[in-house]
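**Q** Below is the structure I would like to discuss, written out as structure tokens.
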Amino acid sequence: MKTISGTLVATTPTVILTGRFVIRQVTLTATAAATLDVYDSANTSKTQSNAAYNNKTRTDPYTRTRAAIADILGNANDFTYTGIGDAANVVPLNASYPKPKQDSLSIPAAGQQIADNRLSLTQGLMLEASAAATYTITYEPLL
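The numbering of the sequence shown is my numbering, which starts it at 514 and goes up by one.
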């Protein structure tokens with residue numbers, strides 16, 4: 514297992530690790546009451562959105578008629594057939610929504626809080642503290 518330590522500036526999201534990890538322990542130390550929020554993120558944005566994409570939808574059944582089609586004898590015939598059509602539509606970019614917190618620690622007054630956990634992060638580790646604090650993270654990289 515590996516350990517990393519550092520300081521956090523109040524209300525400033527900070528990326529600590531990028532990549533895939535299992536977080537084993539989070540220790541938060543502060544000189545005032547503080548809350549630490551843990552996110553699975555490789556950047557400091559606390560919001561995300563889904564990209565636009567193309568989607569096919571089925572249209573109502575329809576009937577088409579091809580009029581006056583000449584057969585081999587030269588007679589005009591009308592051919593009618595039915596079917597279901599596909600319509601292409603674009604699903605637009607979703608509005609931004611908040612990234613979910615993976616964990617949250619709080620210290621009611623000056624002191625230290627330790628949380629033993631098994632957070633599996635796939636993008637990275639981003640921390641945000643409500644007050645200036647120091648952290649120690651014990652983790653294992655996932656291959």
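Virtual Cβ for every residue (Gly too), placed ideally from N, Cα, C. Computed from a predicted structure; not experimentally measured.
Could you please give the first and the last residue of the uninterrupted beta strand (DSSP E) stretch that includes glycine 598?
**A** Here residue 598 is taken as the residue at index 85 of the sequence shown, counted from 1. Run containing glycine 598: 589 to 604, per the beta strand (DSSP E) assignment.
**Q** Mind the definition here: the region 580 to 600 touches the region 514 to 527 only if three or more C-beta pairs lie below 8 Å; say whether that holds.
**A** Cβ pair count under 8 Å is below three, so no.
**Q** Output the distance between the C-alpha atoms of alanine 543 and threonine 525, rounded to the nearest integer angstrom.
**A** Taking the sequence shown and counting its residues from 1, one reaches residue 543 at position 30. Taking the sequence shown and counting its residues from 1, one reaches residue 525 at position 12. Going by the C-alpha atoms only, they are around 15 Å apart.
**Q** Contact check, glutamine 625 vs leucine 541 under 8 Å by CB: the rounded distance?
**A** Locating residue 625 in the sequence shown gives position 112, counting from the first residue. Locating residue 541 in the sequence shown gives position 28, counting from the first residue. Confirmed, about 7 Å.
**Q** If distances are taken between C-alpha atoms only, which option among Thr651, Val604, Arg631 and Glu653 comes closest to threonine 570?
**A** Counting from one through the sequence shown, the residue named residue 570 turns up at place 57. The residue among Thr651, Val604, Arg631 and Glu653 with its C-alpha nearest the C-alpha of threonine 570 is Val604.
**Q** Look at threonine 576 and threonine 557 and say whether their C-beta atoms are less than 8 Å apart.
**A** By one-based count along the sequence shown, residue 576 stands at place 63. By one-based count along the sequence shown, residue 557 stands at place 44. Note that the C-beta distance between threonine 576 and threonine 557 is not below 8 Å.
**Q** Opposite proline 654 in the DSSP bridges: which residues?
**A** Numbered from its first residue, the sequence shown carries residue 654 at position 141. Per DSSP, Phe534.
**Q** In chain order, what residues of the same chain lie with their CB nearer than 6 Å to the CB of glutamine 561, ignoring the 5 residues before and after it?
**A** The count along the sequence shown starts at 1 and reaches residue 561 at position 48. These residues qualify, in order along the chain: Lys612.
**Q** Using a Cβ-Cβ cutoff of less than 8 Å, which residues in the same chain neighbour asparagine 567 once the five nearest sequence positions on both sides are dropped?
**A** Taking the first residue of the sequence shown as 1, we reach residue 567 at position 54. Excluding residues within five positions, the ones whose Cβ falls inside 8 Å are Ala601, Asn602, Val603 and Val604.
**Q** Output the distance between the C-alpha atoms of glycine 587 and alanine 608, rounded to the nearest integer angstrom.
**A** For the purposes of this step, residue 587 is taken as the residue at position 74 of the sequence shown. For the purposes of this step, residue 608 is taken as the residue at position 95 of the sequence shown. Near 60 Å, if we compare the C-alpha coordinates of alanine 608 and glycine 587.
**Q** Looking at leucine 618: is its Cβ nearer than 8 Å to the Cβ of leucine 549?
**A** By one-based count along the sequence shown, residue 618 stands at place 105. By one-based count along the sequence shown, residue 549 stands at place 36. Contact flag set, yes.
**Q** Going by Cα to Cα distance, which pick from Phe534, Ala523 and Gly519 is closest to serine 633?
**A** Numbered from its first residue, the sequence shown carries residue 633 at position 120. Nearest of Phe534, Ala523 and Gly519 to serine 633, Cα basis: Phe534.
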